[in-house]
Ligand code: PMP
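Residue numbers (this note's numbering): 326 to 711.
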């Protein structure tokens, strides 16, 4: 079979997507010796020992067969209890998914017809637009960038209202955000949900970074939206992205369809890891991890050169600084990345997440020493390029 024969076999659907810029970073890193890697989207710490031991026990105890499609009832109960405790509302039902990625696939495939519209944040996590495109949905972006550099990432409710149409099926929210590190205020969340409620639109909320919030309370759309699919997971909080465990909550009308789709695709989330979470979650204390990341957040905010105009990220473990400006012009992002790579520093350009090419993503999920070395390189680049 020749290469062109093989390519002609591909569906139109799959031609709509392209490999992520972040994967290219992984490849670049593999070819470098001792890189300073601030490009990674996962915690730098190891799985909490309590959870690791519970997983080993689950495997030894024979928890290796399929679970029911919706996931272990005890784990679903923990998800719903936690949601009610944190957000004052108990969603009708829940489903254990193969990570939030699995939850996103099921949600979009269950809800979006060709021609339906979805409102996505700009900048936003790369997976959203590709999964929406596969469904044939039309994507409209609402802007999160501040009016002036150095201000917080925020949402403009008037703009969101203007972008809604009769075809809008999903208003998508991701707070805390990948890549900006922004956390929407209670007022912003309430405002977004108010727009969705007035129009009868669903809010789909990706809350994978919900436990990494550094200043004040975290507000979830679950509290305010009349129609809400909430997605979350343990990849980041428990440092187990390879386990592929997440959850979805929402009305049975949608969750039942997602469950049926899971039955014919993922089947179930990995059984021993579901069992391990059932055992360990009630005893896990994530506060020390959050405190450590808050300290790292403060370190980056305090130490990064003023040319990057960084407002303190309010959540997640990302900062999204501006590219350094010089003489009133913007630094060419390719030149910036090239200069960073020459200093063995890996970050992800903002254009990976956005139509704009004005920022870059730095992950502070790294050891202090690596983080400090990365900041030193960035500060040197700022004085050279500024
Ligand atoms: N949503 C966001 C915002 C993410 O950053 C990620 C992981 N990078 C995911 C979803 C997917 O996470 P999971 O490992 O649970 O599939």
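Each residue gets a CB set at the ideal place from its N, CA and C atoms; glycine is no exception.
query: Taking the alpha carbon of residue 489 as the reference point, which residue from 540, 503, 466 has its own alpha carbon closest?; result: 466
query: Looking only at its chain, what residues have a beta carbon closer than 8 Å to the beta carbon of residue 628, apart from the 5 residues adjacent to it on each side?; result: 697, 700, 704
query: Closer than 7 Å: is that where the CB of residue 478 sits relative to any heavy atom of the ligand FAD?; result: With respect to the ligand FAD, the structure offers nothing, as its ligand set consists of the ligand PMP.
query: From the DSSP output, in three-state form, read off residue 395 for me.; result: coil
query: With respect to 7 Å, is the separation between the Cβ of residue 560 and the closest non-hydrogen atom of the ligand PMP below this value?; result: yes
query: Determine the direct distance from the alpha carbon of residue 690 to that of residue 561, and round the result to whole angstroms.; result: 10 Å
query: Measuring CB atoms only, is the region 436-445 touching the region 416-424, in the sense that at least three cross pairs come out at less than 8 Å?; result: no
query: Whole-angstrom Cβ separation of residue 535 and residue 557, contact assumed at under 8 Å?; result: 6 Å
query: Which of helix, strand or coil does DSSP assign to residue 771?; result: In this structure the chain extends from 326 to 711, so residue 771 is not present and cannot be described.
query: Please report the Cβ distance between residue 430 and residue 456, rounded to the nearest whole angstrom; I am assuming they are in contact, meaning their Cβ atoms lie under 8 Å.; result: 6 Å
query: What do you get for residue 338, buried or exposed, if any count of 16 or more other CB atoms within 10 angstroms of its CB means buried?; result: exposed
query: Restricting to Cα atoms, I'd like to know which of 333, 445, 360 is closest to residue 672.; result: 360
query: Does the distance from the CB of residue 497 to the CB of residue 678 come in under 8 Å?; result: no
query: Can you tell me which of the three DSSP states residue 381 falls into?; result: helix
query: May I ask whether a heavy atom of the ligand PMP can be found less than 7 Å away from the beta carbon of residue 533?; result: yes
query: Whether or not the region 498-509 and the region 387-407 are in contact is what I'm after, with contact meaning three or more pairs of Cβ atoms, one per stretch, closer than 8 Å; do they touch?; result: no
query: So, at 6 Å on beta carbons, what are the nonlocal neighbours of residue 394 in its own chain, with the 5 sequence-adjacent residues on each side left out?; result: 584, 587, 588, 593
query: Looking at the ligand PMP, does it come within less than 7 Å of residue 575, judged from the CB to the closest heavy atom?; result: no
query: What is the residue span of the alpha helix (DSSP H) that residue 434 lies within?; result: 424-436
query: Quick test of your reading: residue 717 and residue 554, contact by CB under 8 Å. State the CB separation rounded to the nearest angstrom.; result: In this structure the chain extends from 326 to 711, so residue 717 is not present and cannot be described.
query: Which whole runs of the alpha helix (DSSP H) in the region 404-488 are 4 residues long or more, in chain order?; result: 424-436, 451-459, 482-488
query: For residue 591, is the beta carbon positioned less than 7 Å from some heavy atom of the ligand PMP?; result: no
query: Which residue wins for smallest C-alpha separation from residue 724, given the options 659, 591, 427, 640?; result: The question about residue 724 has no answer, for the chain in this structure spans 326 to 711.
query: Run through the region 504-572 for me and flag every whole alpha helix (DSSP H) of 4 or more residues, listed as ranges in chain order.; result: 511-524
query: Rounded to whole angstroms, what is the Cα-Cα separation between residue 549 and residue 400?; result: 24 Å
query: Tell me whether residue 362 is buried or exposed, calling it buried when 16 or more other Cβ atoms sit within 10 Å of its Cβ.; result: buried
query: Identify, in the order they occur along the chain, each residue of the same chain with its Cβ nearer than 6 Å to the Cβ of residue 604, setting aside the five sequence neighbours on each side.; result: 379
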